[in-house]
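Peer 1: Here's a structure for you.
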Amino acid sequence: MTTVATPGVSGGRNLYVPYRMRIAKVTDEAPGVRTFRLEFIDEEEGRRFSFKAGQFGEYSVYGEGESTFCIASSPTRKGYIECTFRQAGRVTSALADRDEGDIIGFRGPYGNTFPIEQWEGQKLLFIAGGIALPPMRCVIWNCLDLRDKYGDVTIIYGARTVADLVYKHELAEWGTRSDVKLFTTVDPGGQTPEWKGRVGFVPTILEQVAPAAKDTIAIVCGPPIMIKLTMPVLAKLGFTPEQIYTTLENRMKCGVGKCGRCNVGKVYVCKDGPVFTLAQLNQLPPEY
Amino acid sequence: MSETRILQKASLDGLFAKLTAAGRRIVAPVRQSATALEQCHAERVEFEEVTTAQKIAADYIQTIRPPKGALFPRYEQMLRFKIGGKEVQAEEIKPEAKPTVLFGLHPCDAASFATLKAVFTWDSGDAYFEPKLAHTTVIGLSCTKGDAYCFCTSVGGGPGDTRGSDILLTPLDATKYLAEILTDKGKAVVALAPELFTPANGQAAPALAKIAPRFAADKLSAKLPALFPKGEIWLEQSLRCIGCGACAYVCPTCSCFDIQDERQRYSGVRLRCWDSCGFGLFTLHASGHNPRPKQSERWRQRVMHKFSYQPERLGVLGCVGCGRCSRSCPTDMNLAQHVQSLAEMPA
Chain A
1008 MTTVATPGVS GGRNLYVPYR MRIAKVTDEA PGVRTFRLEF IDEEEGRRFS FKAGQFGEYS
1068 VYGEGESTFC IASSPTRKGY IECTFRQAGR VTSALADRDE GDIIGFRGPY GNTFPIEQWE
1128 GQKLLFIAGG IALPPMRCVI WNCLDLRDKY GDVTIIYGAR TVADLVYKHE LAEWGTRSDV
1188 KLFTTVDPGG QTPEWKGRVG FVPTILEQVA PAAKDTIAIV CGPPIMIKLT MPVLAKLGFT
1248 PEQIYTTLEN RMKCGVGKCG RCNVGKVYVC KDGPVFTLAQ LNQLPPEY
Chain B
3 MSETRILQKA SLDGLFAKLT AAGRRIVAPV RQSATALEQC HAERVEFEEV TTAQKIAADY
63 IQTIRPPKGA LFPRYEQMLR FKIGGKEVQA EEIKPEAKPT VLFGLHPCDA ASFATLKAVF
123 TWDSGDAYFE PKLAHTTVIG LSCTKGDAYC FCTSVGGGPG DTRGSDILLT PLDATKYLAE
183 ILTDKGKAVV ALAPELFTPA NGQAAPALAK IAPRFAADKL SAKLPALFPK GEIWLEQSLR
243 CIGCGACAYV CPTCSCFDIQ DERQRYSGVR LRCWDSCGFG LFTLHASGHN PRPKQSERWR
303 QRVMHKFSYQ PERLGVLGCV GCGRCSRSCP TDMNLAQHVQ SLAEMPA
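In the order they appear, the protein sequences are chains A and B.
Quick note: the first sequence uses our numbering, first residue 1008, plus one each step.
Quick note: the second sequence uses our numbering, first residue 3, plus one each step.
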């Protein structure tokens, strides 16, 4: 007599059934952009839950649907997860209407991770644009919480306007840390009279302030146009495709390699990604 | 090692009675009454639940809709919730998995279940698909005739192919079938009515449909990555495509789905439903960016996914050669014809 696992169920759970999460804290980051801190209502589920930097999940408002975001908090911060989203469609609009104490659904963690153990001893260069800082924030805090393991940390972050910069309190903290080099920039015309950061597009700032490519890992995340213009600059600075990481944001529904939506070439972004090196992306059709 | 028996056509009602008595639901091809659809289809046969053999269209060529709904319904509820202020209760809807006999599936349709299974179980399992598969028995029916749209022999199948069937029936003459009992599920059906399955001795070879191969799927799979960048090929092939998605809805192996919530004021359901890579919204990002903005790119994805990505990734072709996509296409695009022309292009 052999024991047969219940079909479609892992750890006794139907994977399509979300965890119930309570919104413990809400932070308004920028116009239309909010961060939720989420805690497991079932403490046992919370104890068993673990994730790594780079993974994502499906967040749901019951009655409206599910939406895909990365986990924006670091796995070194226990007891909760955070997500940051911009109000754009039906689900994110419903999410934006929730408040502290409300219950939402979460299923995950899904996808692969940033190989931060492999990066130990290297310098880290984070390059982010707009609403793409959240997937990187997880890695930034993860590495800063293990600060001794990494060399110089440089963060270049740009947004259209000063108001659009997210995590303003954390940017202020990173800006004052002696072990982080932070460069914030806004697009020309997006500055305010009080703005102390730079003015210019991310690739331009990158060219001015980037560390030497030797022994440096570059992590890039941003809108397609920023990625497109940043990659040639990194190449010019001497970064090889193996040294450059990014995380893709293809549309997803299931998160577990079945619904077909995030399929690019033979890859499912939800299973083989979302984290890829540029060397890996160069093997794929340009459909992301 | 399969066993071979004889099953009289007149015995089908007796078999169905035994299956019904054993709690099995029977789904079989049934000829439908005339509708507007008759104008674009030579005949209209669909799978539906039956209790007797009288209604079965045993001489059909192809149903319009595939049998995949038995395992992967077009619309399936997953969760039910109640919404009251800050308190939300969500409850899993257990999938219905009635013991079912799918009777009279042609070998192409029987083979399609291997592709569906590969998609739904390659990594994590699926709580809605797998119980239905476990409770489904397939009694296949070899083809004695095909039409110009059939191309099973180009994609590894054939009119008498046994893959996917638990029992395969092949018409020997007007009165009887040769029954190949192929699996334990097939043996369990025979065990319900052993007297109906009589010994087969020295039967004449059955006359199966002649489906000439049009291309070699393995050679095509090897060639496709090199054809991907040649945008003009895909544009020319898809100029007629209106992006209606009919090909995906009638395809027995297309398994892409959407997950949506339907809500009344204080209650609702989460469901999954069929979707198609041919729709422009399929990959559209919230930002407005679309990885496949053109219909020609979506046509290319359909061909690449079935004939290149799935074979490489899951070890199964995403096509069984049933020809439904081409029979149902409102602009008369013919997949087999297009794929054949790809196969014949210089590498």
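We treat Cβ as the ideally placed atom computed from N, Cα and C, and that holds for glycine.
Computed from a predicted model, the values in this text were never measured in an experiment.
With the cut-off set at 8 angstroms, would you say T1042(A) and A1079(A) are in Cβ contact?
Peer 2: yes
Peer 1: Looking at chain A, is there any beta carbon in it that lies within less than 8 angstroms of the beta carbon of Q262(B)?
Peer 2: yes
Peer 1: Is D954(A) helix, strand or coil by DSSP?
Peer 2: Within the shown structure, residues of chain A are numbered from 1008 to 1295, placing residue 954(A) beyond reach of any answer.
Peer 1: Starting from I1188(A) and walking both ways along the beta strand (DSSP E), at which residues does that stretch end?
Peer 2: Sequence inspection shows Lys at residue 1188(A); the Ile mentioned does not correspond to that position. Residues 1188 to 1193.
Peer 1: Let me know the secondary structure DSSP gives E1127(A) once reduced to three states.
Peer 2: E1127(A) falls in the coil class under three-state DSSP.
Peer 1: Hey, would you say P31(B) sits closer than 8 angstroms to F49(B), going by beta carbons?
Peer 2: yes
Peer 1: Tell me which residues share the same chain as W1126(A) and place their Cβ nearer than 6 angstroms to its Cβ, disregarding the 5 neighbours each side in the sequence.
Peer 2: Contacts found: I1224.
Peer 1: Identify whether L198(B) lies in helix, strand or coil by the three-state DSSP scheme.
Peer 2: Helix at L198(B).
Peer 1: Using a Cβ-Cβ cut-off of 7 angstroms (strictly less than) and excluding sequence neighbours within five positions of C327(B), which residues of its own chain qualify?
Peer 2: C249, V252, C253, L337
Peer 1: Would you kindly report the start and end of the unbroken alpha helix (DSSP H) that includes C249(B)?
Peer 2: 248 to 252
Peer 1: Alpha carbons only, please: which of E45(B), V52(B), R46(B), T6(B) is nearest the one belonging to D15(B)?
Peer 2: Of E45(B), V52(B), R46(B), T6(B), the residue nearest in Cα terms is V52(B).
Peer 1: Give, in chain order, every residue of the segment 1241 to 1271 of chain A whose Cβ lies closer than 9 angstroms to some Cβ of chain B.
Peer 2: E1256, N1257, R1258, K1260, C1261, V1263, G1264, K1265, C1266, G1267, R1268, C1269, N1270, V1271
Peer 1: Assuming G1263(A) contacts T1120(A) under a Cβ cut-off of 8 angstroms, what Cβ separation, rounded to an integer in Å, is found between them?
Peer 2: In the sequence as presented, Gly is not what sits at residue 1263(A); that position holds Val. In fact, because the Cβ distance is near 16 angstroms, the residues do not count as touching under 8 angstroms.
Peer 1: Which complete beta strand (DSSP E) runs does the segment 216 to 268 of chain B hold, if anything under 3 residues is left out?
Peer 2: 259 to 265
Peer 1: With H, G and I counted as helix, E and B as strand and the rest as coil, what does DSSP make of Y1066(A)?
Peer 2: strand
Peer 1: Nearest-angstrom Cα distance between Q1290(A) and K1188(A)?
Peer 2: Taking the straight line from one Cα to the other gives about 33 angstroms.
Peer 1: Given 8 angstroms as the limit, is there contact between the segment 1134 to 1141 of chain A and the segment 1216 to 1234 of chain A, that is, 3 or more CB pairs closer than that?
Peer 2: yes
Peer 1: DSSP three-state label for T1091(A), please.
Peer 2: strand
Peer 1: Taking DSSP as the reference, what is the three-state secondary structure of N1270(A)?
Peer 2: strand
Peer 1: Give the residues of chain A in contact with G282(B), contact being defined as C-beta atoms less than 8 angstroms apart.
Peer 2: Going along chain A, no residue has its Cβ under 8 angstroms from G282(B), so there is no contact; the nearest lies around 12 angstroms.
Peer 1: Identify the contact partners of D1109(A) in chain B, using a Cβ-Cβ distance below 8 angstroms as the criterion.
Peer 2: K88
Peer 1: Three-state secondary structure (DSSP) at N1149(A)?
Peer 2: helix
Peer 1: For R300(B), go through chain A and note every residue whose CB falls closer than 7 angstroms to its CB, in chain order.
Peer 2: Per Cβ cutoff of 7 angstroms: no residues; R300(B) is ~10 angstroms from chain A at best.
Peer 1: Per the DSSP calculation, D1035(A) is bridged to which residue(s)?
Peer 2: R1041(A)
Peer 1: Identify the residues that DSSP records as bridge partners of R1027(A): which are they?
Peer 2: G1112(A), per the DSSP bridge assignment.
Peer 1: Give me the Cβ distance between R165(B) and A112(B), rounded to the nearest whole Å; I'm assuming they're in contact under 8 angstroms.
Peer 2: 7 angstroms
Peer 1: Between K1130(A) and V1227(A), what straight-line distance do the alpha-carbon atoms span, to the nearest angstrom?
Peer 2: 14 angstroms
Peer 1: What do you reckon, are the CB atoms on T123(B) and E132(B) nearer than 8 angstroms?
Peer 2: If you check the CB distance, T123(B) and E132(B) come in under 8 angstroms.
Peer 1: Alpha carbon to alpha carbon, what distance is there between V140(B) and C103(B)?
Peer 2: Position check: residue 103(B) holds Val in this sequence, whereas Cys was assumed. Computed Cα separation, rounded: 6 angstroms.
Peer 1: For R33(B), which residues in the same chain have their Cβ closer than 6 angstroms to its Cβ, ignoring the five residues on either side in sequence?
Peer 2: V47, A59
Peer 1: Per DSSP, which residues does G350(B) bridge with? Please list them.
Peer 2: The requested residue 350(B) does not occur in the structure, where chain B is confined to residues 3 to 349.
Peer 1: Contact between the segment 270 to 283 of chain B and the segment 1273 to 1287 of chain A: three or more CB pairs below 8 angstroms?
Peer 2: Between the segment 270 to 283 of chain B and the segment 1273 to 1287 of chain A there are fewer than three C-beta pairs closer than 8 angstroms, too few to call the two in contact.
Peer 1: Name, going along the chain, the residues of the segment 115 to 133 of chain B whose beta-carbon falls closer than 9 angstroms to a beta-carbon of chain A.
Peer 2: V121, F122, T123, W124, D125, S126, G127, D128, A129, Y130, F131, E132, P133
Peer 1: Which stretch, first to last residue, makes up the alpha helix (DSSP H) that contains K20(B)?
Peer 2: 14 to 23
Peer 1: Exposed or buried, R329(B), counting other C-beta atoms within 10 Å across all chains shown (16 or more means buried)?
Peer 2: buried
Peer 1: Leaving out five residues on either side along the sequence, give the residues of the same chain with a beta carbon under 6 angstroms from the beta carbon of A195(B).
Peer 2: L17, K20
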